[in-house]
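For reference, each letter of the sequence shown is one residue, going 1 to 171 in full-length UniProt numbering. Cβ atoms here follow ideal geometry from the backbone N, Cα and C, with glycine treated the same way.
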Amino acid sequence: MREINTSIPATITTERLSLDLLTTQDGPFMRELMNTQGWLTFIGDRNIHSDEDAIVYINKINSNPDFTYWTVRLKQLDKPIGVITFLKRTYLKHFDIGFAFLPEYCGQGYASEAAGEVLSIVQRLPAHATVLATTIPTNASSIKLLTRLGFRFEKEIEEGGNKLHVYANVV
């Protein structure tokens, strides 16, 4: 189901941000992001310890037709600050939106601005009238953001030995 890359723009802009599809040039940024305490705590250790590890990870993501990652950049500085993901997980019925940002850019509305724009674009497509999001139950900041974006708690599931809360946003 790779319609995501043809139906949704490769570049998305908001007032303060530019979102571009993740490329191997984002390797150093992804290595940094994936080793932040927030990523390690709430998403998990992906064993990305070098730029080369990050490039392998990016190539794996980009070879999966059900995974789309955008690098979120500050428009004025062209500086990468986070990612927005839109992917089809095997254990969920609908696509899942996700987000992760460098700690120094959290709490400034960037995740809300970027995820909100992606959500508004994908939900114009009939195939994505329902979008899901998952988080661990203790990730209060993600739950707060999901609620602000119009997501509602749907259920708790167990995946890979972890409890996850599933949230749904239905147009």
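Quiz item: Between residue 62 and residue 38, what straight-line distance do the alpha-carbon atoms span, to the nearest angstrom?
Solution: Working through the sequence shown from its first residue, we reach residue 62 at position 62. Working through the sequence shown from its first residue, we reach residue 38 at position 38. C-alpha separation (whole angstroms): 23 Å.
Quiz item: How should residue 65 be labelled, buried or exposed, when 16 other C-beta atoms within 10 angstroms of its C-beta is the threshold for buried?
Solution: What you label residue 65 is simply residue 65 of the sequence shown in a count that begins at 1. Exposed: under 16 other Cβ atoms inside 10 Å.
Quiz item: Near residue 10, what residues of its chain come up, given a Cβ to Cβ distance below 8 Å and the 5 sequence neighbours on each side ignored?
Solution: Translated into the one-based positions of the sequence shown, residue 10 becomes position 10. These residues qualify, in order along the chain: 20, 21.
Exercise. Could you pull the start and end residues of the alpha helix (DSSP H) that residue 20 belongs to?
Key: Position 20 of the sequence shown, counted from the first residue, corresponds to residue 20. Secondary structure note for residue 20: it is in no alpha helix (DSSP H), and the uninterrupted beta strand (DSSP E) holding it is 17-21.
Quiz item: Count the other CB atoms within 10 Å of the CB of residue 110; is the residue buried (16 or more) or exposed (fewer)?
Solution: The count along the sequence shown starts at 1 and reaches residue 110 at position 110. By the C-beta density criterion, residue 110 is buried, having at least 16 other C-beta atoms within 10 angstroms.
Quiz prompt | Closest by C-alpha distance to residue 168, when choosing among 97, 46, 24, 137 | solution = Indexing the sequence shown from 1 puts residue 168 at position 168. Here the closest residue by C-alpha is 97.
Quiz item: Can we say the region 68-76 touches the region 38-48, given the rule of at least three CB pairs closer than 8 Å?
Solution: Touching, no.
Practice problem: Could you name the residues of the same chain whose beta carbon sits closer than 7 Å to that of residue 117, not counting the 5 residues immediately before and after it, in chain order? | Solution: Against the sequence shown, residue 117 aligns to sequence position 117. Cβ-Cβ distances below 7 Å link residue 117 to 12, 14 in the same chain, with the five nearest sequence neighbours on each side left out; the list follows chain order.
Practice problem: In the DSSP assignment, find the unbroken beta strand (DSSP E) run with residue 96 in it and report its ends. | Solution: Mapped onto the sequence shown, residue 96 falls at position 96. Counting along the chain, the beta strand (DSSP E) containing residue 96 begins and ends at 96-101.
Quiz item: Leaving out five residues before and five after residue 106 in sequence, what residues of the same chain have Cβ atoms less than 8 Å from its Cβ?
Solution: Counting from one through the sequence shown, the residue named residue 106 turns up at place 106. Result list for residue 106: 38, 141, in chain order.
Practice problem: Using 10 angstroms around the beta-carbon of residue 103, count the other beta-carbons present and answer buried if the total reaches 16, otherwise exposed. | Solution: For the purposes of this step, residue 103 is identified with residue 103 of the sequence shown, where counting begins at 1. Exposed is the call here.
Practice problem: Express the C-alpha separation of residue 159 and residue 31 in angstroms, rounding to a whole number. | Solution: Within the sequence shown, the letter at position 31 stands for residue 31. Within the sequence shown, the letter at position 159 stands for residue 159. Straight-line measurement puts the Cα of residue 159 at about 25 Å from the Cα of residue 31.
Practice problem: Pull up the distance between the alpha-carbon of residue 131 and that of residue 59, whole angstroms please. | Solution: For the purposes of this step, residue 131 is taken as the residue at position 131 of the sequence shown. For the purposes of this step, residue 59 is taken as the residue at position 59 of the sequence shown. Approximately 25 Å, taken between the alpha carbons.
Exercise. Taking residue 80 as part of the beta strand (DSSP E), name the residues at either end of that continuous run.
Key: Position 80 of the sequence shown, counted from the first residue, corresponds to residue 80. Start and end: 79-87.
Quiz prompt | Straight-line Cα distance separating residue 126 from residue 34 | solution = Position 34 of the sequence shown, counted from the first residue, corresponds to residue 34. Position 126 of the sequence shown, counted from the first residue, corresponds to residue 126. A straight line joining the alpha-carbon of residue 34 with that of residue 126 spans about 32 Å.
Quiz item: Among the residues of its own chain, which have a CB less than 7 Å from the CB of residue 143, if the five just before and after it don't count?
Solution: Counting from one through the sequence shown, the residue named residue 143 turns up at place 143. Result list for residue 143: 135, in chain order.
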